[in-house]
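Everything on this sheet refers to the single structure shown next.
In the numbering used here, the protein residues as written are 1 to 50.
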């Protein structure tokens with residue numbers, strides 16, 4: 001079982017916009033953004049981070 005996967009990016013704003021669109025069909029939304037990272041998830045819990 002995979003526990004963690006890291007995804008790098010060069011532009012946080014572009015990456016957030018991409019993942020907001022890509023994850024929307026799965027019911028995910030941007031839940032947290034801080035210190036050069038962003039957390040996406042559903043049900044109020046971020047479980048996908050960039």
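Quick reminder that beta carbons are idealized off the backbone N, C-alpha and C, glycines included. Just so it is clear, the structure is predicted and the values come from calculations on it, not from any experiment.
Beta-carbon spacing of residue i, residue j below 8 Å
| i | j | result |
| --- | --- | --- |
| residue 30 | residue 20 | yes |
| residue 28 | residue 36 | no |
| residue 48 | residue 12 | no |
| residue 16 | residue 33 | yes |
Residue i versus residue j - alpha carbon distance
| i | j | result |
| --- | --- | --- |
| residue 14 | residue 38 | 12 Å |
| residue 10 | residue 4 | 20 Å |
| residue 26 | residue 43 | 12 Å |
Whole alpha helix (DSSP H) runs in the segment 4-41 with 4 or more residues, listed along the chain? Annotation note: the segment 4-41 contains the following uninterrupted alpha helix (DSSP H) runs of length 4 or greater, listed N- to C-terminal: 12-23.
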